[in-house]
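Those protein sequences? They're chains A and B, same order as listed. Residue 1276 is where the first sequence starts when you use the numbering used here, and the numbers rise one by one after that. Residue 6 is where the second sequence starts when you use the numbering used here, and the numbers rise one by one after that. Backbone N, C-alpha and C define an ideal beta-carbon position, used for all residues, glycine too. Everything numeric in this text was worked out from a predicted model, so none of it was measured.
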Amino acid sequence: MRVLLIEDDAALARAVSQSLQRASYKVDIADNGEDAEFMGESGEYDAIILDLGLPQKDGLTILGEWRERKISTPVLILTARNSWRDKVQGLRRGADDYLAKPFQPEELEARLEALIRRSYGSASSILSVDAFEIDLSLRSVTRDGAPLDLTPNEYRLLTYLALNRGRVVSKTELTEHVYDQAFNLDSNVIEATVARLRKKVGSALIKTQRGHGYVVP
Amino acid sequence: MGMWSRDSLLVRLILGAAIWCGLALIVSGFLLVSLFRQHLESRFDSGLGDHLIHLVSIARPGEDGAIRVSGTLSGALFNRPFSGWAWQVRQGELVLAQSVSLGPARPGVAEILEAPLGSVGTFDGPAGIRSRGLAREVRLAEAAPPLIYSVARPVAEIDRALGQFRRTVVIAQLILGIGLVVAVLYLMQTSLKPLDALRRKVARMREGLPRQEDRWPRELAPVAEELDALQDHVERLVERGRGEAADLAHAVKTPLAVLSQLSIGANAEDAETMRRQIDRIEAYLNRHLSRSRSSGLTNQRVDVAACVADLLFAMQTELQARDVAIMVEIPAELRFLGDESDLFEILGNVLDNARKWTATQIRVTAWLAEGGLVVAVADDGPGVAPEQRDEIFARGTRLDEATPGAGLGLTIVREILLLYGGQVEISASDLGGALLTLTLPGLVETGRVAHKMERQA
């Protein structure tokens, strides 16, 4: 899962990005309004965490512009402004959730997970695929109740395919949602990860659509 | 009672005026009476002089030495015995003739009328009547011995007239005095009225009502101007203080968020301690933020139904996920008289409380009662036991430590309500859970009602 973190305070951005990475998210950081707007427009993110008080461009303005351009990436506003009016204003402007600073890392992760899950139309935090169960809040995968040991990349890859169940996901799209932006990968890396994952979960779970990508049927 | 206390300006002025007027009236009364006495005496005395001259002209000695009286002195009382009106003609100690009032002028029997010679004086006349009289020695012929003519009238005449005059003066002065006091009272109350207006102005300032353009008497205009300037100054200070408090609180929150993230790296016990401390700081900040935000000013009209709709929209994700049924009955014309963000804060916290505790339904109703705008929020959660109902509004109390949130919501609600002179009560709702009833300043916007009705027609 790939998240855009928009936060102008470097220390907080670093701390949040670390805790999100531990929770196996891929995190990109924008520290000013203009970069943030541009990066958010790419539509590559599963969720955006948006601070309101930003240099160059205010968070609410950016959000309004995204929504006007039909960019529907779920947005969680993370701000020091905690009045109910601010909250209503943010949500009316098109945010999907609102969290006031300071906040517990677990709280942010739980909200983020729920946000992403909802954007894929899933009400439960547990995805069931055949004998597999992916618990999004615990970030664990079990087969017939037995836990599987997956690396963060493998987990993200599996979860993304499971959330997009039935849809063929291209290697490019997978790369975007699974790996850090910093990685400049070719498709071999994805293929290698899929191969390792298949060894753990069995080859039946992930099907290859040659020339198109992968799908969890 | 307050008006008549010793500290009252009015009482001081009335007392002062009464004492001064009383003194002036008493002195002028005495002066008037004494002047009138002088006038009476001089008239009396000139009358005596006239009588004496007349007497000399009508009572003359004949060839035989006896006095012949040709005619009478004007004044019937000269002829009434013991009237005190008397005249006498004598030669040395020998009474030759006298008025009827003194009896027959028999030698040896007739008393001498001892009026002072030459000038008017007071003396004891015949029959002990206190009299005022005049005597003159008249020598009618060279050789003849001098005759003493004397005239007298009772002093009581003057005293009677003076007494009457004195009574009149006292009554007149009393009426005048009372009139003066009444006039002072009226004037004082009229001129103190602007002070009352000034008091109302200060009260309006305190209540945060918009300033009114009043016309002040010249003496009070500088005070009113100073008050306006003071209010502006205080407002600037408060505004700056609010801004600084809000800036400070917001500025602290980001570093606090960083610390909060770091708690992940600590061991469980340290992380818990850290979390609690951060919670405390946050609760403190939120409380002060909410205080610095709320103004208590009642000069805006806020749509209650729209505010509730906005807040429920903000909570809809969770309410829908938990399948909570929401019932809202709020007239569209209902307005809260106050600051919009204050209403959001009040209703936001109350609705959030209901959201936390409800099982399946929340009902929000609002109406206009005599005491103002009433908002009632009912849920079917566990409710609050009667003995815990006061506690729930106490500073920072959280009845259930396991429920997320700093537990300050309802404390903040009550604090903002206090600014508006409103109140909040907690009781049992017919849905089975808690019922929070808020009372706030409000009104029904009648213009809109009329408009709506026209449209419907």
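* Where does the unbroken beta strand (DSSP E) through LYS1332(A) begin, and where does it stop? -> Translated into positions along the first sequence, residue 1332(A) becomes position 57. LYS1332(A) -> no beta strand (DSSP E), and no H or E assigned at all.
* Nearest to GLU116(B) (by Cα), restricted to the options LEU122(B), LEU107(B) and GLN366(B) -> Taking the second sequence and counting its residues from 1, one reaches residue 116(B) at position 111. When only C-alpha atoms are compared, the closest one is LEU107(B).
* What is the rounded straight-line gap between the Cα of ALA359(B) and the Cα of ALA1375(A)? -> To locate residue 359(B), count along the second sequence from 1; it is residue 354. To locate residue 1375(A), count along the first sequence from 1; it is residue 100. Going from the Cα of ALA359(B) to the Cα of ALA1375(A) covers about 20 angstroms.
* Of the choices ARG209(B), GLU287(B), VAL257(B) and ARG296(B), whose alpha-carbon is the least far from that of GLY246(B)? -> Stepping through the second sequence from its first residue, residue 246(B) is reached at position 241. Here the closest residue by C-alpha is ARG296(B).
* Any Cβ of chain B within less than 7 angstroms of the Cβ of SER1294(A)? -> What you label residue 1294(A) is simply residue 19 of the first sequence in a count that begins at 1. Answer yes: the Cβ-Cβ gap between SER1294(A) and chain B drops below 7 angstroms somewhere.
* Asked: Can you list, in chain order, the residues of its chain whose CB lies under 7 angstroms from that of ASN1357(A), leaving out five sequence neighbours each side?
  -> Within the first sequence, numbered from 1, the residue matching residue 1357(A) stands at position 82. Excluding positions up to five away in sequence, the list reads ALA1375.
* To do: For GLY21(B), collect the residues of the same chain with a Cβ closer than 8 angstroms to its Cβ; drop the 5 residues on either side in sequence, then sort them by chain order.
  => For this step, residue 21(B) is matched to residue 16 along the second sequence. Excluding sequence neighbours, GLY21(B) sits near nothing in its chain.
* Asked: Given that ARG1356(A) touches chain B, what residues does it touch there, using C-beta distances under 8 angstroms?
  -> The residue given as residue 1356(A) occupies position 81 in the first sequence. Correct list: HIS255.
* Any beta-carbon of chain A closer than 7 angstroms to the one on LEU378(B)? -> The sequence position of residue 378(B) within the second sequence is 373, counting from 1. No, LEU378(B) lies away from the interface with chain A (no Cβ there is under 7 angstroms from its Cβ).
* Is there at least one Cβ from chain B nearer than 7 angstroms to VAL1278(A)'s Cβ? -> Along the first sequence, one-based indexing puts residue 1278(A) at 3. False, the Cβ-Cβ gap to chain B never drops below 7 angstroms.
* To do: Give a yes or no on whether 7 angstroms exceeds the smallest Cβ distance from ASP1424(A) to chain B.
  => Mapped onto the first sequence, residue 1424(A) falls at position 149. Not an interface residue.
* Bounding residues of the alpha helix (DSSP H) (the contiguous stretch that carries PHE49(B)) -> Mapped onto the second sequence, residue 49(B) falls at position 44. From DSSP, the alpha helix (DSSP H) with PHE49(B) extends over 14 to 63.
* To do: Evaluate HIS238(B) with the Cβ neighbour count: other Cβ atoms within 10 Å of its Cβ, from every protein chain shown; 16 or more gives buried, anything less gives exposed.
  => For the purposes of this step, residue 238(B) is taken as residue 233 along the second sequence, with counting starting at 1. HIS238(B) comes out exposed.
* For GLU406(B), count neighbouring C-beta atoms within 10 Å of its own C-beta (all shown protein chains included) and say buried if the count is 16 or more, exposed if not. => As a position in the second sequence, residue 406(B) is number 401, starting the count at 1. Confidence in GLU406(B) is poor, its pLDDT being 45 and thus under 50, which makes the residue's placement too unreliable to answer from.
* Inter-residue CB distance, GLU450(B) and ARG306(B) (contact presumed, cutoff 8 angstroms) -> Residue mapping note: residue 450(B) aligns to position 445 of the second sequence, counting from 1. Residue mapping note: residue 306(B) aligns to position 301 of the second sequence, counting from 1. So it is a contact: roughly 7 angstroms between Cβ atoms.
* To do: Could you tell me whether any non-hydrogen atom of the ligand NAD is closer than 6 angstroms to the CB of VAL1350(A)?
  => No copy of the ligand NAD appears in this structure; indeed no ligand is present at all.
* Asked: Could you give the distance in angstroms between the alpha-carbon of ALA251(B) and the alpha-carbon of LEU290(B)?
  -> Against the second sequence, residue 251(B) aligns to sequence position 246. Against the second sequence, residue 290(B) aligns to sequence position 285. Roughly 9 angstroms between the two C-alpha positions.
* Alpha-carbon spacing of VAL418(B) relative to LEU356(B), whole angstroms -> Taking the first residue of the second sequence as position 1, residue 418(B) is located at position 413. Taking the first residue of the second sequence as position 1, residue 356(B) is located at position 351. Near 11 angstroms, if we compare the C-alpha coordinates of LEU356(B) and VAL418(B).
* Asked: With 16 other CB atoms within 10 Å as the buried threshold, where does MET1276(A) fall?
  -> As a working note, residue 1276(A) is residue 1 in the first sequence. The residue is buried, with at least 16 neighbouring Cβ atoms inside 10 Å.
* Asked: Can you list the residues of chain D that GLY353(B) reaches, using a CB-CB cut of under 9 angstroms?
  -> Absent here is chain D; the protein component of the structure consists of chains A and B.
* To do: Drop a sphere of 10 angstroms on the beta-carbon of TRP1341(A), count the other beta-carbons inside from all chains shown, and report buried for 16 or more, exposed for fewer.
  => Within the first sequence, residue 1341(A) is the residue found at index 66, counting from 1. Counting Cβ neighbours within 10 Å, TRP1341(A) comes out buried, since at least 16 surround it.
* Residues of its chain near GLY80(B), where Cβ-Cβ distance is below 7 angstroms and the 5 sequence neighbours each way are ignored -> Your numbering for residue 80(B) matches position 75 in the second sequence. TRP90, listed in sequence order.
* Since LYS1301(A) is in the beta strand (DSSP E), which residue starts that stretch and which ends it? -> Counting from 1 along the first sequence, the entry for residue 1301(A) is found at position 26. 1301 to 1305 is the span of the beta strand (DSSP E), which, as asked, contains LYS1301(A).
* Check whether the stretch 1364 to 1380 of chain A touches the stretch 360 to 367 of chain B, counting contact only when three or more Cβ pairs, one atom from each stretch, lie closer than 8 angstroms. => no
* Residue-level contact to chain B via CB, ASP1333(A), 7 angstroms cutoff -> On the first sequence, residue 1333(A) is found 58 positions in, with the first residue counted as 1. By this cut-off, ASP1333(A) is not an interface position.
* Asked: For LEU1436(A), which option in TYR1489(A), LYS1301(A) and PRO1380(A) has the closest C-alpha, if you only look at C-alpha atoms?
  -> Position 161 of the first sequence, counting from 1, holds the residue named residue 1436(A). Considering only alpha carbons, the answer is TYR1489(A).
* Asked: Mind pulling the chain A residues with CB within less than 8 angstroms of ARG280(B)?
  -> The count along the second sequence starts at 1 and reaches residue 280(B) at position 275. The contacting residues are GLN1379.
* **Where the alpha helix (DSSP H) containing TRP221(B) begins and where it ends** => The residue given as residue 221(B) occupies position 216 in the second sequence. Note, TRP221(B): premise wrong, no alpha helix (DSSP H); not H, not E.
* Interface residues of chain B around LEU1329(A) at Cβ under 8 angstroms? -> Position 54 of the first sequence, counted from the first residue, corresponds to residue 1329(A). By Cβ distance, chain B contributes nothing, its closest Cβ being about 12 angstroms from LEU1329(A), past 8 angstroms.
* C-beta contact flag for GLY438(B) and ASN354(B) at 7 angstroms -> Position 433 of the second sequence, counted from the first residue, corresponds to residue 438(B). Position 349 of the second sequence, counted from the first residue, corresponds to residue 354(B). Not closer than 7 angstroms, so no.
* To do: Go through its chain and collect everything with a Cβ distance to ARG1442(A)'s Cβ below 8 angstroms, but skip five positions before and after it.
  => Position 167 of the first sequence, counting from 1, holds the residue named residue 1442(A). So the list reads VAL1490, once near-sequence residues are dropped.
* To do: Indicate the three-state DSSP secondary structure (helix, strand or coil) for ARG137(B) in the structure shown.
  => Numbered from its first residue, the second sequence carries residue 137(B) at position 132. Note: ARG137(B) maps to strand in three-state DSSP.
* Assign ALA188(B) to one of three DSSP states: helix, strand, or coil. => Taking the second sequence and counting its residues from 1, the one referred to as residue 188(B) is at position 183. The answer is helix: DSSP assigns ALA188(B) an H, G or I state.
* Just the Cα atoms here: how many angstroms apart are THR127(B) and SER13(B)? -> Here residue 127(B) refers to the residue found at position 122 of the second sequence. Here residue 13(B) refers to the residue found at position 8 of the second sequence. So the two alpha carbons sit approximately 55 angstroms from each other.
* **Where TRP372(B) falls: helix, strand or coil (DSSP)** => Translated into the one-based positions of the second sequence, residue 372(B) becomes position 367. Of the three classes helix, strand and coil, the one that applies to TRP372(B) here is strand, per DSSP.
* Starting from TYR154(B), follow the beta strand (DSSP E) in both directions and report where the run begins and ends. => Counting from 1 along the second sequence, the entry for residue 154(B) is found at position 149. First-last of the beta strand (DSSP E) with TYR154(B): 152 to 159.
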